[in-house]
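Letter 30 of the sequence shown, counting from 1, is numbered 30 in full-length UniProt numbering, and no numbers are missing.
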Amino acid sequence: MSSPALKAIAALARPELKSVFTADPNRLSKFTMTQGPLRFDWSKTHLTSDILDGFLKLAGDMDFAKWRDALFAGEPINNSEGRAAEHPAERGEGNAQSVSRAKMLHARMRALIDAIEGEALGSIRHILHIGIGGSALGPDLIIDALGGDGARYDVAIVSNVDGTALERAISRFDPEATLIAVASKTFTTTETMLNAASAINWLVEAGVDDPYGKVIALTANPEKAIEWGIDETRILPFSETVGGRYSLWSSIGFPAALALGWDAFESLLEGAAAMDRHFRLSAPAQNAPLIAAFVDQYYTRVMGCQTRALFAYDERLRLLPSYLQQLEMESNGKSVTRDGQPVDGPTAPITWGGVGTDAQHAVFQLLHQGTILTPVEFVASIEPGHALDPAHHRALLVNCFAQGAALMRGKDNADDPARAYPGNRPSTTILLDDVTPDALGALIAFYEHRTFANAVLMGINPFDQFGVELGKEIAKSIEAEGTKGFDPSTMALIDLALGA
Ligand code: F6P
Numbered sequence: 001m002s003s004p005a006l007k008a009i010a011a012l013a014r015p016e017l018k019s020v021f022t023a024d025p026n027r028l029s030k031f032t033m034t035q036g037p038l039r040f041d042w043s044k045t046h047l048t049s050d051i052l053d054g055f056l057k058l059a060g061d062m063d064f065a066k067w068r069d070a071l072f073a074g075e076p077i078n079n080s081e082g083r084a085a086e087h088p089a090e091r092g093e094g095n096a097q098s099v100s101r102a103k104m105l106h107a108r109m110r111a112l113i114d115a116i117e118g119e120a121l122g123s124i125r126h127i128l129h130i131g132i133g134g135s136a137l138g139p140d141l142i143i144d145a146l147g148g149d150g151a152r153y154d155v156a157i158v159s160n161v162d163g164t165a166l167e168r169a170i171s172r173f174d175p176e177a178t179l180i181a182v183a184s185k186t187f188t189t190t191e192t193m194l195n196a197a198s199a200i201n202w203l204v205e206a207g208v209d210d211p212y213g214k215v216i217a218l219t220a221n222p223e224k225a226i227e228w229g230i231d232e233t234r235i236l237p238f239s240e241t242v243g244g245r246y247s248l249w250s251s252i253g254f255p256a257a258l259a260l261g262w263d264a265f266e267s268l269l270e271g272a273a274a275m276d277r278h279f280r281l282s283a284p285a286q287n288a289p290l291i292a293a294f295v296d297q298y299y300t301r302v303m304g305c306q307t308r309a310l311f312a313y314d315e316r317l318r319l320l321p322s323y324l325q326q327l328e329m330e331s332n333g334k335s336v337t338r339d340g341q342p343v344d345g346p347t348a349p350i351t352w353g354g355v356g357t358d359a360q361h362a363v364f365q366l367l368h369q370g371t372i373l374t375p376v377e378f379v380a381s382i383e384p385g386h387a388l389d390p391a392h393h394r395a396l397l398v399n400c401f402a403q404g405a406a407l408m409r410g411k412d413n414a415d416d417p418a419r420a421y422p423g424n425r426p427s428t429t430i431l432l433d434d435v436t437p438d439a440l441g442a443l444i445a446f447y448e449h450r451t452f453a454n455a456v457l458m459g460i461n462p463f464d465q466f467g468v469e470l471g472k473e474i475a476k477s478i479e480a481e482g483t484k485g486f487d488p489s490t491m492a493l494i495d496l497a498l499g500a
């Protein structure tokens, strides 16, 4: 670690978590922040006021304010690809020209949704959304979280190239009543194009009239979609400057806007926009995503934690951990700075997690007594997502908060070390008022900005993802040229499974 600010932070005293609240009676109010529907509590971490000051110094050294301004101004901060990162513009925040283009494209999406609702494409009951990575994870999370039983269409999101995924989805759909949304920023992704072709074949084989007339494209590459056979009137473009893993706010959110209704989609955008304004306008010491990044940086770069775990204590948010895996790991899992220099320490930790209370009965043993220190994040909602006996929600939340207290406190057992808990294990808690569209929008934008802030503090570009390319290239070369020249293991596996 060569950053003087980080070295200074590492030299600061690290308190025992058990005593942090007695050492500072005002700790809870100092280390908790409410922003709209979201309360972020980082009081059960090892951060102290001195450590916080150290990170504020690091943020200054790394020109945090300058990079944040550049993000919202639509400057080409994705330097390796020479473009801006304009997901906030989709929510109405940022460069005026980009905001007005996003508004125009949203109006186009809305008009198509109105037409579909008016049965211009026939009587649609099922939506088959085909996309992968950022073109699937966002819509999946939103529909799963907010759809409940109230979703107006039966939606299946198919991402995997494994035909089992598509087969399972279409087995429950009536081809006559199915709309296919092909979601791909590039419109060249192998998995998506293969799944889309098979889905259209399914319509053809079922004798559906004008199968291509039931296909919508959600893409930043409309020319490719036209080439592929989709009529221009059913192409919903979005800007090249919206990154794949930041794209749910654009036309990639189409199935969510259709299934949940336009008002819900708009509230989602508004919730995110409120978080954008908070992030853009708040001073560093009052900036929730930045403070959350300080916590991340402390555990990863100062304490050497290689993972961070996130548990959603709300069934509605069960897809949040996998959504965040792409957001955080694809953005910040890098080894070079934005200038191409080797980084001077670890970058993104491995994000993993699950759902409470299930995870308590599966993986929490390691969190409480294992040898690997893992900062944990709990995400919960004050309001339940169901109308059953309130005892359910009470038990859920009591368990969530008990876990954070147990990790912090631990428990001695001089007689039996197997039954002792070391404690001193950190956690943060995000408590939402409810899982509503605006709260979910704010939560996702909070994580986006936190990821960006982490990148700025490390001097890396979070908006490219070249690490995913090599495997794709090799797969293509095997398809085109066979396995000649490959290592014996790869050749043997291919021969055995696929034939020479
Ligand atoms: O391979 C990684 C990736 O490029 C992701 O960044 C992206 O979200 C996903 O593939 C899908 O890409 P596309 O939307 O272009 O099909």
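Every residue gets a Cβ at the ideal spot worked out from N, C-alpha and C, and that includes glycine.
Selected residue, minimal CA-CA separation from R338, among R27, E81, E191: Checked all of R27, E81, E191; the closest Cα to R338 is E81.
7 Å Cβ shell around G147 - same chain, five flanking residues per side excluded: Here the set comprises A259, L260.
Contacting residues, own chain, Cβ-Cβ under 7 Å from M109 (five flanking each side not counted): Within the same chain, M109 has close Cβ partners L236, S251, F254, A257.
C-alpha gap between A492 and K484, whole angstroms: So the two alpha carbons sit approximately 11 Å from each other.
Beta bridge counterpart(s) of G271 as assigned by DSSP: The secondary-structure analysis by DSSP pairs G271 with nothing; it has no beta-bridge partner.
When A199, D464, T374 are compared against M303, the one with the closest alpha-carbon: Closest option to M303, Cα to Cα, is T374.
Supposed contact pair G94 and S267 - C-beta distance, whole angstroms, cut 8 Å: Wrong, their Cβ atoms sit about 19 Å apart, outside the cutoff.
Own chain, CB closer than 6 Å to R234, minus 5 neighbours either side, in chain order: If we look at R234 and ignore the five residues flanking it on each side, its Cβ neighbours are I216.
Check: V242 C-beta below 8 Å from any heavy atom of ligand 1: Outside the cutoff, so no.
First through last residue of the alpha helix (DSSP H) which encompasses L56: First-last of the alpha helix (DSSP H) with L56: 49-61.
Alpha carbon of R172 to alpha carbon of A439, nearest angstrom: The alpha-carbon atoms of R172 and A439 are separated by roughly 32 Å.
Selected residue, minimal CA-CA separation from L52, among A8, S282, T307: When each option's Cα is compared against that of L52, the closest is A8.
Coil, strand or helix - P237 by DSSP: P237 falls in the strand class under three-state DSSP.
Per-residue burial, D140 [other beta carbons within 10 Å of its own, 16 or more giving buried]: With a 10 Å radius around the Cβ and a threshold of 16 neighbouring Cβ atoms, D140 comes out buried.
I170 to A206 span [Cα, whole Å]: Distance between the alpha carbons of I170 and A206: 11 Å.
For S43, the nearest candidate out of G118, P76, I430, R101 (CA to CA): It is I430.
Where the alpha helix (DSSP H) containing T192 begins and where it ends: 190-205 is the extent of the alpha helix (DSSP H) around T192.
Classification of K214 by the beta-carbon crowding that lies within 10 angstroms, buried from 16 upward: The residue in question, K214, is buried, as its Cβ has 16 or more Cβ neighbours within 10 Å.
Within 9 Å, strictly: CB atoms of G356 and Q325: No, the Cβ-Cβ distance between G356 and Q325 is not below 9 Å.
Separation of A285 from I291, as counted between CA atoms: In this structure, the CA atom of I291 is about 7 Å from the CA atom of A285.
Under 9 Å between C-beta atoms of F40 and L47: Contact check for F40 against L47 fails: the beta carbons are separated by 9 Å or more.
S331 versus Y323: straight-line alpha-carbon distance, rounded: One C-alpha to the other measures close to 12 Å.
Integer Cβ distance of H129 from D174, believed to fall under 8 Å: A Cβ-Cβ separation of about 16 Å leaves H129 out of contact with D174 under the 8 Å criterion.
heavy atom of ligand 1 below 8 Å from T300 C-beta: With a cut-off of 8 Å, the C-beta of T300 is classified as distant from ligand 1, since no heavy atom of the ligand falls inside that distance.
Backbone secondary structure at M491 - three-state DSSP: Reduced to three states, the DSSP call for M491 is helix.
S184 Cβ short of 8 Å to ligand 1 heavy atom set: At least one heavy atom of ligand 1 falls within 8 Å of the beta-carbon of S184.
Residue 530 versus L38: straight-line alpha-carbon distance, rounded: Look at the range of the chain in this structure, 1 to 500, and you will see that residue 530 is not part of it.
Endpoints, the beta strand (DSSP E) within which I130 is located: It spans 126-130 - the beta strand (DSSP E) in which I130 sits, taken as one unbroken run.
Residue closest to Y447, alpha-carbon to alpha-carbon, out of S98, A177, T351: It is T351.
Distance, F486 Cα to Y153 Cα: Straight through space, the alpha carbons of F486 and Y153 are spaced by roughly 47 Å.
With 16 other Cβ atoms within 10 Å as the buried cut-off, status of L367: So L367 ends up on the buried side.
C-beta atoms of A273 and A453 nearer than 9 Å: Against a cut-off of 9 Å, the Cβ pair of A453 and A273 comes out as no contact.
Inter-stretch contact (C-beta, 8 Å, three-pair minimum) for the region 297-312 and the region 131-139: The region 297-312 is not in contact with the region 131-139.
Check: G253 C-beta below 8 Å from any heavy atom of ligand 1: No.
Cβ pair H278, G36 closer than 9 Å: Yes. Within cutoff.
Contact belief for R101 with S239 at Cβ below 8 Å, rounded distance in angstroms: Taking C-beta atoms under 8 Å as the contact rule, R101 and S239 qualify, at a distance of about 6 Å.
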